[in-house]
Structures are given as C-alpha cells and as structure tokens.
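Note sheet for the following structure.
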Amino acid sequence: MIQELFSWLTTRCAPQARQFGYLYEAIAMRARAKRCAAAWQSHLISSQQFISDCILKSEPGGVALVFGSGLGLDMPKAQLLKHFDEVWLVDMVHLRETRHAWQDEKVKFIEYDVTNTLSSIARGELAMSQPYRWLDDKHIRFVLSANIIGQLPVQPLSWLAKHYPNIEDEVLDAWSESLLTAHMTYLQAFISQGAHVCLIADLEWHYAENNQVRTVIDAWRGLAHPTPHARWGWRIAPRGELRTNNTQTNWVGAWCFAD
Ligand SMILES: C[S@@+](CC[C@H](N)C(=O)[O-])C[C@H]1O[C@@H](n2cnc3c(N)ncnc32)[C@H](O)[C@@H]1O
C-alpha cells in the first residue's frame with residue numbers, strides 16, 4: 000500500500016495519465032504481475048517469442064516504435080536492442096521500475112496518447128481523430144502494438160461513465176469501435192511506408208466460475224480483424240485474484256505484417 004501510494008505521488012507523467020486512471024492501472028498491474036507471476040509466465044514467453052520471430056523478419060537498424068510499452072514485460076528487450084539502433088517506448092505512463100529495467104542509451108521513453116483523443120474526451124466531446132505522429136519518419140523500421148488495442152477505449156469509457164453518465168451506450172459503442180479502427184488504420188499506414196508491424200492483441204476475455212466459462216467478451220467489440228498468425232490463452236486472473244472460484248482468461252492473438 001505504501002509502495003503504491005509512493006508511486007502514485009512520485010511518478011513523472013502527464014496530468015491526463017492521472018486524470019484518466021492510467022497511472023492507477025499501471026500501479027495495479029505491477030502488483031498483479033508480481034502476485035500472478037507463475038500464471039502469467041507462459042503468456043509473457045509466447046508474446047516475447049512471437050515478437051522476436053517477427054523482429055527477425057525485418058531489416059536491422061533504424062527505429063523500433065512500441066505502442067503500449069507499459070511495464071515492458073511482454074516484449075523481448077535484448078532482441079529489440081540488438082536488432083535496432085533505437086527503441087522508442089510509447090505509453091501514457093512508464094513507472095520508475097520500467098524506466099530502470101529498460102534503461103539503455105538506445106531507449107527513449109515517450110509519454111503520449113496514441114489515440115490523440117484524450118484532450119477532447121476531457122471536455123466530454125467524443126471526437127474522432129486519426130493518429131498520424133511519426134508517419135513521416137522514414138527511420139521507423141518496425142512497429143509493435145503491444146497488447147494495447149483492446150485497452151484503448153477502457154479508461155476513457157470508465158472516466159466518461161463517471162463524469163458524463165448521460166451519453167447513450169450506442170454513441171459510446173460507436174466511438175469505441177472507431178478508436179480500434181483508427182489504430183488499425185494507423186498501423187496499416189506504417190506498413191504502407193515499408194515498416195514491419197507486429198500486433199499483439201486480446202481477442203476475447205473469458206470469465207469463468209468453477210472452471211465453467213460464464214461470460215465471453217469480444218475485445219474487438221464486434222469489429223472484424225484478420226485471422227491471427229498465432230494465438231494463446233493468458234490466465235490473467237488465476238484463482239484467488241477475483242472472487243473465490245472465479246478466473247479470467249484472455250485469448251490473445253498475434254500478427255506479423257509486412258507489405
Ligand atoms: C495491457 S497493457 C500492455 C502491456 C505491456 N505491453 C506490458 O508488457 O506491460 C496496455 C497498455 O496500454 C496503455 N494505453 C492504453 N491507452 C493508451 C493511450 N491512449 N495512449 C498510450 N498508451 C495507452 C496503458 O497505459 C497500458 O500500459
């Protein structure tokens with residue numbers, strides 16, 4: 000508790016990372032990653048392995064751009080640093096431990112909203128905005144979207160539910176879907192300019208009680224997506240994390256794209 004409070008008070012981040020709960024979530028995720036280390040291990044290994052294989056298909060040198068670097072757990076650090084001249088880690092927030100673990104002269108930490116929409120959300124406006132930052136940078140050889148796409152609407156939606164509770168569900172659903180579409184269009188634009196793109200994304204969230212799956216939520220919110228090149232289960236909440244006898248498993252997909 001004291002460590003959490005200390006992190007909350009002392010982490011350097013943009014005001015929006017506190018306002019929308021990204022800092023809170025990062026601190027909670029760090030604690031959960033420690034508690035659930037054994038249950039998460041196979042997911043982290045599968046993810047790192049898939050990304051490593053995808054990196055090897057791209058030309059060495061240049062810049063690797065990572066969206067959703069977060070705690071930096073599911074990415075192959077050594078391979079990224081070996082293959083590229085620079086690694087740019089982009090997230091709303093990087094905790095001190097992550098900065099420490101990834102400290103290297105090749106690594107740049109960038110706190111940035113990859114949807115480009117949070118400023119308008121803070122005014123209660125559900126504007127749509129197509130991200131374009133870095134698209135003109137020819138040094139970018141590799142883009143990794145590291146399990147961020149399904150999370151893009153999550154914090155804004157819970158903030159809107161508290162501060163603008165009267166927005167209709169249909170409007171929120173359409174806006175959430177457009178966030179995912181914009182992210183895919185953004186990744187496609189990097190592919191079109193010659194970068195390799197690796198996408199790791201939740202497919203479905205399965206909630207079970209006594210080993211019986213009771214609820215399945217589509218992390219893509221009904222949006223069509225290409226068939227994954229690999230998939231695996233991530234026991235994100237083993238027994239004991241939620242209510243007794245309840246568990247959560249995320250089905251994760253992985254794609255390696257080049258033009
Ligand atoms: C499931 S975590 C990714 C896990 C991460 N790759 C790791 O190994 O810890 C999703 C990440 O997306 C980030 N995120 C969500 N929405 C974002 C946004 N609009 N801009 C930047 N980062 C965002 C969160 O802060 C979080 O770190």
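For the sequence shown, numbering that gives the first Met the number 0 gives the first residue as 0, with consecutive numbering after it.
All C-beta atoms, glycine included, are put in the ideal place defined by N, C-alpha and C.
Quick caveat: nothing in here was measured; it's all calculated off a predicted structure.
- For Cys12, the secondary structure class from DSSP, reduced to helix, strand or coil, is coil.
- Excluding five sequence positions before and after Thr116, the CB atoms of its chain that fall closer than 6 Å to its own CB belong to Ser128, given in chain order.
- Boundaries of the alpha helix (DSSP H) around Ile44: Ala36 to Leu55.
- In the displayed model, Phe19 falls within coil according to three-state DSSP, outside both helix and strand.
- Between Ala257 and Ile190, the CB-CB gap stays under 8 Å.
- In the DSSP assignment, Asn210 is bridged to no other residue.
- Exclusion of the five residues before and after His228 leaves Ala253, Trp254 and Cys255 as the residues of its chain whose Cβ lies within less than 7 Å of its Cβ.
- Under DSSP, Asp84 shares a beta bridge with no residue.
- Pairing Glu85 with Lys107 gives a Cβ-Cβ distance under 8 Å.
- In this structure Tyr185 is buried. Its beta-carbon is surrounded by 16 or more other beta-carbon atoms within 10 angstroms.
- Residue environment: Ala77 is assigned as exposed (fewer than 16 neighbouring CB atoms within 10 Å of its CB, all protein chains considered).
- A distance below 6 Å between beta-carbons, with the five flanking residues on each side excluded, links Phe66 to the following residues of its chain, in chain order: Val89, Val113, Ser144 and Ile147.
- A distance criterion of 7 Å places the beta-carbon of Val251 beyond contact range of ligand 1, judged by its closest non-hydrogen atom.
- Bounds of the alpha helix (DSSP H) holding Glu169 are Asp168 to Ser191.
- Residue side-chain check: Val215 keeps its Cβ at 7 Å or more from all non-hydrogen atoms of ligand 1.
- His195 sits in a strand when the DSSP states are folded into three classes.
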